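Mind the numbering: the sequence shown is residues 1 to 113 in the working numbering, read in order.
We put the beta carbon where it would ideally sit given N, CA and C, even for glycine.
Bear in mind the structure is a predicted one, so any value in this text is a computation, not a measurement.
First comes the structure, then the notes that go with it.
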Amino acid sequence: ALTVTDASQGQGLGTILLALLIWLARQKGIETLRGVIQQSNDRMIAWMQRLGATIEYSSDGVVIADLAVQAFVPANGSYLARLFQRLDTLNVGPPEDLVPTHPHHTILSQRRS
1 ALTVTDASQG QGLGTILLAL LIWLARQKGI ETLRGVIQQS NDRMIAWMQR LGATIEYSSD
61 GVVIADLAVQ AFVPANGSYL ARLFQRLDTL NVGPPEDLVP THPHHTILSQ RRS
């Protein structure tokens with residue numbers, strides 16, 4: 001699970017974490033990041049929609065957001081695009097024990113308390 005506490009929101013931490021997750025997923029050939037988001041978290045759902053994730057509302061109070069990472073391209077000049085550029089210049093591979101090897105594992109989950 002990945003949570004940015006209310007006190008830390010709006011400071012770019014979630015964007016940094018998402019950029020790193022997408023970058024790691026691409027390095028490992030993972031096709032999709034799946035977010036499990038509470039339906040009441042309109043801000044997170046809207047962000048995932050802006051990023052191009054497919055959104056599915058379920059009957060149990062959560063939203064499933066699937067982001068196709070291999071096809072994902074952040075907007076030119078965006079903070080996310082700049083983070084990707086920095087990650088690409090590091091010229092290092094992802095730690096093998098951090099990323100699942102199955103291309104459809106859920107590695108992004110969000111829960112609000």
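Counting along the chain, where does the beta strand (DSSP E) carrying residue i start and finish?
{"i": "Ile37", "result": "32 to 38"}
{"i": "Leu24", "result": "Run containing Leu24: none in the beta strand (DSSP E); it sits in the alpha helix (DSSP H), 13 to 28."}
{"i": "Thr89", "result": "Not the beta strand (DSSP E): Thr89 falls in the alpha helix (DSSP H), residues 79 to 89."}
Under 7 Å, do residue i and residue j count as touching if we go by C-beta distance?
{"i": "Leu87", "j": "Leu33", "result": "no"}
{"i": "Gln70", "j": "Glu31", "result": "yes"}
{"i": "Pro74", "j": "Ala81", "result": "yes"}
Can you give me the C-alpha to C-alpha distance between residue i and residue j, rounded to a whole angstrom?
{"i": "Ser109", "j": "Val62", "result": "The pLDDT assigned to Ser109 is 46, lower than 50, so where the model puts this residue is not dependable, and the model offers no usable value."}
{"i": "Glu56", "j": "Leu90", "result": "35 Å"}
{"i": "Ile53", "j": "Gly29", "result": "In the sequence as displayed, the identity of residue 53 is Ala instead of Ile. The alpha-carbon atoms of Ala53 and Gly29 are separated by roughly 18 Å."}
{"i": "Leu2", "j": "Ser8", "result": "13 Å"}
{"i": "Ala19", "j": "Leu51", "result": "11 Å"}
{"i": "Gly77", "j": "Leu83", "result": "10 Å"}
My guess is that residue i and residue j are in contact by the Cβ rule of under 8 Å, so how many angstroms apart are they, rounded?
{"i": "Phe72", "j": "Ile37", "result": "Actually they do not touch by this definition, with Cβ atoms about 17 Å apart."}
*Minimum length 3: unbroken beta strand (DSSP E) runs contained in the segment 36 to 80*: 54 to 57, 62 to 68
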